[in-house]
Amino acid sequence: QAGRGIEFNNDGIEAIQRRIAKGLGYRLVGHKMELYGVPLNGDNPAEDADGD
159 QAGRGIEFNN
169 DGIEAIQRRI
179 AKGLGYRLVG
189 HKMELYGVPL
199 NGDNPAEDAD
209 GD
């Protein structure tokens, strides 16, 4: 486990979250979404991006 967080933006995910909130009768004013994963095939893309 790397124990790191990687922030990203995805317009598609943002739109889905707004649609869900609206469908439940809310206007989305903030959110936090956490995903947990393990590297594929032993690779660590976060390290590759940092040059480590």
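The sequence shown begins at 159 in our numbering and counts up one residue at a time. Glycine included, each C-beta is placed from N, C-alpha and C at the ideal position. Note that the coordinates shown come from a computational prediction; the quantities given were computed from them, not determined experimentally.
Separation of residue j from residue i, as counted between CA atoms
| i | j | result |
| --- | --- | --- |
| Ile164 | Leu186 | 22 Å |
| Gly200 | Tyr184 | 41 Å |
| Leu193 | Asn168 | 13 Å |
Contacts around residue i, its chain only, beta-carbon distance under 8 Å, and the 5 residues preceding and following it disregarded
| i | result |
| --- | --- |
| Met191 | Ile171, Gln175 |
| Ala179 | Arg185, Leu186 |
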